[in-house]
Amino acid sequence: MLDSKVPKGSWRAGYANTDKDICLFATIDKTHILQENLKYDNSLFADDIIQWISQPKTAHTSSVGKMFINHKKLGYNVHIFIRKFAFMDGNKTNPFIYLGKADYYKSFGDKPMRILWKLEEKIPQELIYELYNLD
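In the working numbering, the protein residues as written are 135 to 269.
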């Protein structure tokens, strides 16, 4: 169980952290977002690597960027949550699917950072199909 000081229901996008855990949230479909600068390219690179885009102010030299890169040394577990759409049936928030723990793999750019995370377990092919099927 993850315990956070973040208010219940506010874990909807980006990231949240507790004393020991960093939770990363990714939404694949961005058609509901009108501002181009908020259409982060969160996507799968392989069945065990996910690209996650940080907030626009995050750089490799920032405290948050260093936390992501050095999470193991700092004692944080990283957890990845994903969903295809932000909303379902009008404006009801779509829940995230827990993909499991991940480790920092590599990253590119600053403000925002494009970070690749390697999952401990491969994503089942059925879930990949569900996330990327256009039907």
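Heads up, the beta-carbon is just placed ideally off N, CA and C, and yes, glycines get one too.
Q) How many whole angstroms separate the CB atoms of I187 and L253, which I take to be in contact at a CB cut-off of 8 Å? A) Wrong, their Cβ atoms sit about 17 Å apart, outside the cutoff.
Q | Pair within 9 Å by beta-carbon distance, I203 and A160 | A | Going by beta carbons, I203 and A160 fall outside the 9 Å limit.
Q | alpha helix (DSSP H) runs contained entirely in the region 149-229, provided each spans 4 or more residues | A | Counting whole runs of 4 or more residues, the region 149-229 contains the alpha helix (DSSP H) stretches 197-203, 205-208.
Q.
If contacts are defined as beta-carbon pairs under 8 Å, then Y239 and I156 qualify, I think. What distance do you get, rounded to the angstrom?
A. That belief does not hold up - the Cβ atoms of Y239 and I156 are roughly 14 Å apart, past 8 Å.
Q. Going by the beta-carbon positions, is the gap between N225 and K218 smaller than 9 Å?
A. No; because the gap between Cβ atoms is not below 9 Å, this pair is not in contact.
**Q.** The alpha helix (DSSP H) enclosing I262, as first and last residue numbers
**A.** 259-266 is the extent of the alpha helix (DSSP H) around I262.
Q: Give the single residue among S177, D244, I262, E255 whose Cα lies nearest to the Cα of K200.
A: Among S177, D244, I262, E255, the Cα nearest to that of K200 belongs to D244.
Q) By a C-beta neighbour count over all protein chains shown, 10 Å radius and 16 as the cutoff for buried, is M222 buried or exposed? A) M222 is exposed by the Cβ-count criterion.
**Q.** Sequence-distant residues of the same chain with beta carbon closer than 8 Å to I270, five excluded per side
**A.** The question about residue 270 has no answer here: the residues shown for the chain are numbered 135 through 269.
Q) At what residues does the beta strand (DSSP E) containing D120 begin and finish? A) Outside the modelled stretch of the chain, which goes from 135 to 269, sits residue 120, for which no answer is possible.
Q: Please determine, among K235, Y263, D181, S197, the residue with the shortest C-alpha to C-alpha distance to I257.
A: The residue among K235, Y263, D181, S197 with its C-alpha nearest the C-alpha of I257 is D181.
Q: Excluding the 5 residues preceding and the 5 following D272 in the sequence, name in chain order all residues of the same chain whose CB lies nearer than 8 Å to its CB.
A: One cannot answer for residue 272 here, as it falls past the ends of the chain, which runs 135 to 269.
Q: Kindly examine the ligand FMN and report whether one of its heavy atoms sits closer than 8 Å to the Cβ of K207.
A: Judged by which ligands are present, the structure shown has none, so any question about the ligand FMN falls away.
(Q) Once the 5 residues before and after F242 are set aside, which same chain residues still bring their CB inside 7 Å of it? (A) Only R248 meet the Cβ criterion.
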